[in-house]
Amino acid sequence: MGSMTIGAKYKTTIKDPGTPGILRMNDDRFTFTPNDPRSAMKFNVDFRTIKGHKFNKVEGNKAALLNLSKEDKAGGYIFEFDNVGNRDLCRDFVARVLGKHQGTVPPRPTVAPENSVASAALEQLSVAEVERRVKLLREDSELQKLHKKFVLGNILQESEFWATRKNLLDDEANKRSKQRAGFKNSLVDIKPTTDGRTNKVTFQITPEMIHQIFAEKPAVRRAYLDYVPKKMVETRFWEKYCRAEYLFRTKNTAAATAEAAGDEELAIFLKNDDILAKEAKLKIKRVDPTLDMEADTGDDYIHLPDHGIHRDGNKETIDADSELARRTLSQDLNRHAAVVLEGRSLDVESTDPKTLAEALARSKKEPPSTSIDDDANHERLVKVARMTEIEDLQAPRSLPYAPLCIKDPREYFDSQQANALRSLGGSNDGRKARTCSLSTEEAFHHLMDQMSSIKVNKLNCPIIQSDMALKVLNELNEGISRSRRLNLKNPQEGLLGQLPQHTRDELMDHWTAIQELLRHFWSSYPITSAVLYNKVQRVKEAMTQIYQKLQLIKESAQPDVRHEISRLVKPMTQALDAAFNHDLEQQQKSSKTGNRHNGF
Numbered sequence: 001m002g003s004m005t006i007g008a009k010y011k012t013t014i015k016d017p018g019t020p021g022i023l024r025m026n027d028d029r030f031t032f033t034p035n036d037p038r039s040a041m042k043f044n045v046d047f048r049t050i051k052g053h054k055f056n057k058v059e060g061n062k063a064a065l066l067n068l069s070k071e072d073k074a075g076g077y078i079f080e081f082d083n084v085g086n087r088d089l090c091r092d093f094v095a096r097v098l099g100k101h102q103g104t105v106p107p108r109p110t111v112a113p114e115n116s117v118a119s120a121a122l123e124q125l126s127v128a129e130v131e132r133r134v135k136l137l138r139e140d141s142e143l144q145k146l147h148k149k150f151v152l153g154n155i156l157q158e159s160e161f162w163a164t165r166k167n168l169l170d171d172e173a174n175k176r177s178k179q180r181a182g183f184k185n186s187l188v189d190i191k192p193t194t195d196g197r198t199n200k201v202t203f204q205i206t207p208e209m210i211h212q213i214f215a216e217k218p219a220v221r222r223a224y225l226d227y228v229p230k231k232m233v234e235t236r237f238w239e240k241y242c243r244a245e246y247l248f249r250t251k252n253t254a255a256a257t258a259e260a261a262g263d264e265e266l267a268i269f270l271k272n273d274d275i276l277a278k279e280a281k282l283k284i285k286r287v288d289p290t291l292d293m294e295a296d297t298g299d300d301y302i303h304l305p306d307h308g309i310h311r312d313g314n315k316e317t318i319d320a321d322s323e324l325a326r327r328t329l330s331q332d333l334n335r336h337a338a339v340v341l342e343g344r345s346l347d348v349e350s351t352d353p354k355t356l357a358e359a360l361a362r363s364k365k366e367p368p369s370t371s372i373d374d375d376a377n378h379e380r381l382v383k384v385a386r387m388t389e390i391e392d393l394q395a396p397r398s399l400p401y402a403p404l405c406i407k408d409p410r411e412y413f414d415s416q417q418a419n420a421l422r423s424l425g426g427s428n429d430g431r432k433a434r435t436c437s438l439s440t441e442e443a444f445h446h447l448m449d450q451m452s453s454i455k456v457n458k459l460n461c462p463i464i465q466s467d468m469a470l471k472v473l474n475e476l477n478e479g480i481s482r483s484r485r486l487n488l489k490n491p492q493e494g495l496l497g498q499l500p501q502h503t504r505d506e507l508m509d510h511w512t513a514i515q516e517l518l519r520h521f522w523s524s525y526p527i528t529s530a531v532l533y534n535k536v537q538r539v540k541e542a543m544t545q546i547y548q549k550l551q552l553i554k555e556s557a558q559p560d561v562r563h564e565i566s567r568l569v570k571p572m573t574q575a576l577d578a579a580f581n582h583d584l585e586q587q588q589k590s591s592k593t594g595n596r597h598n599g600f
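Counting in UniProt numbering, the sequence shown runs without a single skipped number right up to 600 at its last residue.
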């Protein structure tokens, strides 16, 4: 039956947003591998446990769904696809597999080594490569027809079909922009809206804002992974976060302290970010120790009365006794600038907050161990010693050298050149002695005689024959003129334009299929394995069926277009005959030697 690999979303219920991943199916079972390796939605199911399948009618903005129901009536497996075409491909494949297991469709013989090779190839596919294949099939209807005819028809394996289209996959990969869009330059500002009638405060958070919050505030990201959905639902979590932001805006320290004392979950958002504090300590250790950062803390005058930064209409000051007021505008700007400069380090395009939080947590480096800290301290001490040294008291670090003294440069270089030539076997003056009995005048006359003979006798061995070159040039000009005249005429007056529409489409489909089959047929020779031998047999069977269909088209054609159809079919049958004759010759050679075809 072959195999299939396609991108899909697994849904536990119809309303479930779904888990994106890769769906792989073969004759016996189907597997689902989520894109997120930490996700638990991973399974390997035998088709014998599947009773039937259902699919919905896609209208408007409805998603294309496929439901595989179990035998024990304990639910099923619901998959959502990007479009109807991909869903229908999987639906047809499942129908054939279930028909085989239930006895309604006779199973086709398969070759065990070939299936093992195909399965091994499927395991090596990356998610990006599968997505590129699905996109090519979705955008190219002709390619989708070939894939459905040959791969789903068990004529070619998935890997064999795509092996001849690596250029398309590479082009699709190169089309993708290497530059990822970063975060916006503006700060995440969650401004509430107030309802005047009910005095209700409403906050609106978008997926982009959630991504930026997780990147700028690691403590919030950690709290999300710890609390959602184990201790609270996602809506409740963001309500707590927005409440903490509201308290920060109002600058009501007493109210914030009172609420934090009675609500442990709210207190998480009101405390300072311990993860950022650890990162700041590590950065301070790498700063030049000769800089006294403590002496500059009072230069901004923020600690003095009537000084501070105005933000949201309020004056921002620092209260050393309060933990709630230590988050200043400068800190927010510096943290946001660091995140913007760092850029998006993830390839995850999902809008699911949990997926984003897990991906960000994996991308961040772990804190250094004690040994690494010791090495950093040692490096810091060495840096201190090197930067505080007095240059006048240090020994010179440059290597000693002996000055070169040359009294006569010409004598020095001439003697060096003579010694080099003498070592190569030359004379003292560097010139090799040659004996010649011709004078200058005699040599000149000899050269003139050679040139005169070439002018009179021409070249004895011309590169091309002039008459043959003229003949080829005339044939090329005639062919170019004929093609130009045909292109300028009405397309309906051509050979294809004289045929009925359905006949023309059928011939074009057959010609495309013949090209695909011949490409795989000739690339399989010489046959060196059982896999190639079985592949050639399947390709030959498909070519034989097309050959019979072409003959049927010629015989059933109307008398007025039968001649035109024969002219179109002739190059197709000639290409197929060449392949059949080659295979017959190989069989005759193997029969004479008494071995199986090509040793298999």
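Glycine included, each C-beta is placed from N, C-alpha and C at the ideal position.
Going by CA-CA distance only, name the one from the options that's closest to residue i.
i, options, result
"Leu47", "Thr31, Lys54, Asn61, Ala40", "Inspection of the sequence shows that residue 47 is occupied by Phe rather than by Leu. Of the candidates Thr31, Lys54, Asn61, Ala40, the one whose C-alpha sits nearest the C-alpha of Phe47 is Thr31."
"Ile6", "Gln157, Val127, Val97, Thr19", "Val127"
"Thr13", "Glu265, Ile78, Asp27", "Ile78"
"Met572", "Gln586, Asp560, Lys549", "Lys549"
"Glu216", "Ala256, Ala469, Ala357, Phe580", "Ala357"
"Gly75", "Gly153, Asp82, Lys54", "Lys54"
"Val134", "Cys90, Arg197, Arg519, Ala95", "Cys90"
"Ala338", "Glu541, Lys184, Gln558, Pro500", "Lys184"
"Arg165", "Glu129, Ser529, Asn457, Ala95", "Glu129"
"Asp509", "Trp238, Asp332, Ser141, Ser452", "Ser141"
"Gly153", "Ile514, Ile480, Ser3, Ser330", "Ser3"
"Leu187", "Gly343, His502, Leu329, His520", "Leu329"
"Leu579", "Glu541, Asn44, Lys283", "The amino acid occupying residue 579 in the given sequence is Ala; Leu does not appear at that position. Nearest option by C-alpha distance: Glu541."
"Arg24", "Lys11, Phe43, Asp36, Ile205", "Phe43"
"Leu143", "Thr512, Pro500, Phe248", "Thr512"
Among residues of its own chain, excluding the 5 on either side of residue i, which ones have a beta-carbon nearer than 7 Å to its beta-carbon?
i, result
"residue 681", "Residue 681 falls outside the range modelled here, since the chain spans only 1 to 600, and no answer is possible."
"Asn83", "Ala64, Arg138"
"Ala244", "Leu266, Phe269, Leu270"
"Tyr241", "Val220, Phe269"
"Leu518", "Ala575, Ala579"
"Glu516", "Leu146, Phe150"
Output needed for residue i: all residues of its chain with C-beta closer than 6 Å, excluding positions within five of it in sequence on either side, in chain order.
i, result
"Val201", "Pro192, Thr194"
"Leu156", "Phe150"
"Ile210", "Pro353"
"Pro218", "Ile275"
"Val228", "Glu234, Phe237"
"Pro20", "Lys9, Asn35"
Closer than 8 Å by C-beta to residue i: which residues in its own chain qualify, once you throw out the five before and the five after it? Chain order, please.
i, result
"Lys62", "Asn56"
"Leu584", "none"
"Val111", "Residue confidence for Val111 is low, a pLDDT of 38 falling below 50, so the modelled location carries little weight and cannot support an answer."
"Ala557", "Thr503, Ile565"
"Glu131", "Gly7"
"His446", "Leu438"
Starting from residue i, trace the alpha helix (DSSP H) both ways and give me its first and last residue.
i, result
"Phe248", "234 to 250"
"Arg444", "According to the sequence shown, residue 444 is Phe rather than Arg. Its alpha helix (DSSP H) spans residues 440 to 457."
"Ala557", "Counting along the chain, Ala557 falls outside any alpha helix (DSSP H), and DSSP gives it neither H nor E."
"Asn334", "329 to 342"
"Ser524", "Segment: none, Ser524 is in no alpha helix (DSSP H) and carries neither H nor E."
"Lys54", "First-last for Lys54: 50 to 55, but that is the beta strand (DSSP E), not the alpha helix (DSSP H)."
"Glu160", "158 to 163"
"Thr528", "Element bounds for Thr528: n/a, residue is neither H nor E."
Beta strand (DSSP E) containing residue i: first to last residue?
i, result
"Ala8", "4 to 11"
"Val130", "Careful: Val130 lies outside any beta strand (DSSP E), inside the alpha helix (DSSP H) at 127 to 139."
"Ala64", "64 to 70"
"Arg29", "29 to 34"
"Asp46", "43 to 46"
Here's the rule I'm using: 16 or more other beta-carbon atoms within 10 Å means buried, otherwise exposed. How should residue i be labelled?
i, result
"His336", "buried"
"Val456", "exposed"
"His378", "exposed"
"Val569", "buried"
"Asn26", "buried"
"Phe237", "buried"
"Asp189", "exposed"
"Arg538", "buried"
"Met448", "exposed"
Of all Cβ atoms in chain C, is any one closer than 8 Å to the Cβ of residue i?
i, result
"Gln587", "The structure shown contains no chain C; it holds only a single protein chain."
Give a single yes or no on whether residue i has its beta carbon closer than 7 Å to a heavy atom of the ligand ADP.
i, result
"Val339", "By its list of ligands, the structure shown contains no ligand whatsoever, and the ligand ADP lies outside what it can speak to."
- Item | 3-residue-minimum beta strand (DSSP E) runs that sit fully inside the region 179 to 210, ordered along the chain | As far as the region 179 to 210 is concerned, its whole beta strand (DSSP E) runs of at least 3 residues are 193 to 195, 200 to 202.
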